[in-house]
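Peer 1: Mind having a look at this structure? Questions to follow.
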């Protein structure tokens with residue numbers, strides 16, 4: 296499995312040691328879990344944003360009618 300070396304400040308490293316000790320796990324497992332959670336959150340946000348874009352595109356006319364002041368000027372119109 297590929298590995299990654301990560302540098303931490305002395306304070307961060309001590310905090311990681313303390314957290315790992317409190318959770319009864321290794322520092323490696325703690326950091327890996329945190330990274331995996333960050334990756335999962337990032338993916339969920341990307342998927343949510345894509346779903347919003349699809350929804351907005353499918354209902355663009357409804358949004359335009361409901362919020363006409365927020366519509367960009369038509370091509371050739373002054374802003």
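Residue numbers (this note's numbering): 296 to 374. Ideal Cβ positions, reconstructed from N, Cα and C, are used throughout, including at glycine. For clarity, every value in this text was computed on a predicted model and none was experimentally measured.
At what residues does the alpha helix (DSSP H) containing residue 337 begin and finish?
Peer 2: From DSSP, the alpha helix (DSSP H) with residue 337 extends over 322 to 353.
Peer 1: Do you know how far the Cα of residue 302 is from the Cα of residue 319?
Peer 2: Cα to Cα, the separation comes out at about 22 Å.
Peer 1: Do residue 312 and residue 296 have their CB atoms nearer than 8 Å?
Peer 2: No, the Cβ-Cβ distance between residue 312 and residue 296 is not below 8 Å.
Peer 1: Spatial neighbours of residue 314 within its chain, please: C-beta separation below 8 Å, excluding the five flanking residues on both sides.
Peer 2: Once the five neighbours on either side are set aside, the close Cβ partners of residue 314 are 325.
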